[in-house]
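Residue numbers (our numbering), protein chains in the order written: chain A, 41 to 196; chain F, 41 to 196.
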DNA sequence: TTTTGCATGGGAATCGTTCTGGTTTACACT
DNA sequence: AGTGTAAACCAGAACGATTCCCATGCAAAA
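As structure tokens, this is what we get:
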């Protein structure tokens, strides 16, 4: 219902596919999903939605600022809800887990660099790829580890 | 000739396609190229090289550490020679120009964040997208502007 | 409730990239 | 220089992700 007004505010009709997709992306455990992931989630819910529609809707959501698209290594896009606070990403190349962090100092330095170049920044992205703690320790991913939430890592 | 030994050192046979591709990437004005760009450059030179070969060779070069692959927005990969010094990128979404910069403070903070998470970082990339000075001022790109070289922007 | 036009679904098309299979080539060893 | 062999090549087919096409469906304005 609130979703419905979210869509209207973005200039989009509140259609069933759009509401369903928004609902899926809003689930807390669904932080980072590919279009395929969203499509499968819809099928699991028994919804008859075409893959083309999923892509179309996700792109519309991106343009409307509702979701953020990331181009991780490997060439496929992943999407996450835009919940306001900007953050950067750490991706485990072994287990695929994605951690988020925000570092004000990094943001500030980026701003400075752009200023120096006379560059007007629309968006920026910082990705680190590597192996997460769980993989290093036990050879399995640390999806259950007590980190990976926004703002969890703020050194100093 | 020196290219030939570069290849051997990387454990790759010094074949004509590889030498030609290396030669193209080494031209100073060819900083950031897609596989397609490289392919077209070869055709322009009158070389009979298949696109598949270009992709294969670029991937081999990447694995050998000779070139670096970037996943910019838009889903296509761009390649640049690995000239040793790590640097980050600023991309003008209007004219496509790519500027490079290096900020030790950002690097250090990244290292810290990874450490805090117990994450072993293999690679990292930082991209800023926006509009460059030339576009803002005159509506045309600033490819000829006196910046855009590595290390040009180091605030503070 | 009727109208109107944007949204949908499914399949085909497209894009960038990788694989396949048969042929050619670089290079170590005569 | 001559030759064997593994590696590299080419063209084209295959591939996965994404977008296009268009007849039909449906949200929302009248």
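A virtual CB, placed ideally from N, CA and C, is assigned to each residue, including glycine. The model shown is predicted, which means the values in this text are computed figures rather than measured ones.
Neighbour flag for residue i against chain F, beta carbons, 8 Å
i                     : result
residue 72 (chain A)  : no
residue 278 (chain A) : Any question about residue 278 (chain A) goes unanswered here, given that chain A covers just 41 to 196.
residue 225 (chain A) : Lying outside 41 to 196, the shown extent of chain A, residue 225 (chain A) is not represented and no answer is given.
residue 169 (chain A) : yes
residue 21 (chain A)  : An answer regarding residue 21 (chain A) cannot be provided, because it is not within the stretch 41 to 196 covered by chain A.
residue 118 (chain A) : no
residue 107 (chain A) : no
residue 100 (chain A) : no
residue 173 (chain A) : yes
Exposure label - residue i; buried when at least 16 CB within 10 Å
i                     : result
residue 191 (chain A) : At residue 191 (chain A) the pLDDT is 43, less than 50, meaning the model places this residue with poor confidence; the figure from the coordinates comes in the next sentence. Exposed.
residue 179 (chain A) : exposed
residue 92 (chain A)  : exposed
residue 166 (chain F) : buried
residue 143 (chain A) : buried
residue 49 (chain A)  : exposed
residue 69 (chain F)  : exposed
According to DSSP, residues forming a beta bridge with residue i
i                     : result
residue 160 (chain A) : F:171
residue 128 (chain A) : A:141
residue 111 (chain F) : F:117
residue 74 (chain A)  : A:118
residue 165 (chain A) : F:167
Spatially closest choice to residue i from the options, by CA coordinates
i                     : options                       : result
residue 168 (chain A) : F:151, F:51, F:168 and F:164  : F:164
residue 136 (chain F) : F:93, F:146 and F:113         : F:113
residue 101 (chain A) : A:172, A:46, A:173 and A:154  : A:46
residue 71 (chain F)  : F:109, F:153, F:146 and F:144 : F:109
residue 73 (chain A)  : A:92, A:98, A:104 and A:172   : A:98
residue 132 (chain A) : A:174, A:146 and A:106        : A:174
residue 176 (chain F) : A:162, A:143, A:144 and A:83  : A:162
residue 66 (chain A)  : A:90, A:170, A:172 and A:43   : A:43
residue 30 (chain A)  : A:106, A:82, A:81 and A:115   : Because chain A is modelled from 41 through 196, residue 30 (chain A) falls outside the range shown and cannot be assessed.
residue 84 (chain F)  : F:64, F:52 and F:95           : F:64
residue 153 (chain A) : F:153, F:69, F:170 and F:53   : F:170
residue 53 (chain F)  : F:86, F:88 and F:104          : F:104
residue 172 (chain F) : F:62, F:134 and F:146         : F:134
CB contact below 8 Å: residue i versus chain A
i                     : result
residue 130 (chain F) : yes
residue 197 (chain F) : Outside the shown range of chain F (41 to 196) lies residue 197 (chain F), about which nothing can therefore be said.
residue 48 (chain F)  : no
residue 92 (chain F)  : no
residue 141 (chain F) : yes
residue 164 (chain F) : yes
residue 145 (chain F) : yes
residue 179 (chain F) : no
residue 123 (chain F) : no
residue 153 (chain F) : yes
residue 176 (chain F) : yes
Problem set entry | Touching by the beta-carbon criterion (3+ pairs, under 8 Å), the region 66-81 of chain F and the region 110-128 of chain F | Using a C-beta cut-off of 8 Å, the region 66-81 of chain F makes contact with the region 110-128 of chain F, since at least three inter-stretch Cβ pairs fall below that distance.
Problem set entry | Inter-stretch contact (C-beta, 8 Å, three-pair minimum) for the region 127-143 of chain A and the region 148-160 of chain F | Judged by pairs of C-beta atoms under 8 Å, the region 127-143 of chain A touches the region 148-160 of chain F, as three or more such pairs exist.
Problem set entry | Contact the region 127-134 of chain F vs the region 50-67 of chain F: 3+ CB pairs below 8 Å | In the pairwise beta carbon analysis, the region 127-134 of chain F is classified as not touching the region 50-67 of chain F: fewer than three pairs are separated by under 8 Å.
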